[in-house]
Amino acid sequence: MRLTDDDVERMAAFLDLNIEDFVNQFTDLHPQRNGLVLKNRPHGECVFLKGLNTCTMQDAKPEQCSGFPNRWNFPGWKEVCEAIPVEEGS
1335 MRLTDDDVER MAAFLDLNIE DFVNQFTDLH PQRNGLVLKN RPHGECVFLK GLNTCTMQDA
1395 KPEQCSGFPN RWNFPGWKEV CEAIPVEEGS
């Protein structure tokens, strides 16, 4: 999930972290080395996704997330983006 500067500032404030700490804990450098992306969990799901559909950043989520799927999607997006079922309590 690509992040804008505004996303980083908003999410850091939401978590009551300074920007540097947020970046160090929750982001990686984009593979093309031209920005930041959110870290993923081992199976590819967002680090802020809890269960099937609960975003723990709901009130401060990135622009790319807040517009999905109405502002962006692509053929086969469900296979790539749909949440992976997890056991309750995970």
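One point on numbering: in this note's numbering, the residue at position 65 of the sequence shown is 1399, and numbering is uninterrupted.
Positions of the beta carbon are idealized from the N, C-alpha and C atoms, including for glycine.
A Cβ-Cβ distance of about 13 Å is found for the pair Val1381 and Leu1370, leaving them out of contact under the 8 Å criterion. The C-beta separation of Arg1344 from His1364 comes to about 19 Å, leaving the pair out of contact by the 8 Å criterion. In the three-state reduction of the DSSP assignment, Asp1350 falls in the coil class. Under the three-state reduction of DSSP, Val1342 is assigned to helix.
Nearest to Phe1348 by C-alpha distance, out of Gln1392, Glu1397, His1377, Cys1399, is Gln1392. If you compare the alpha carbons of Gln1359, Asn1368, Gly1410, Ile1353 with that of Arg1375, the shortest gap goes to Gln1359.
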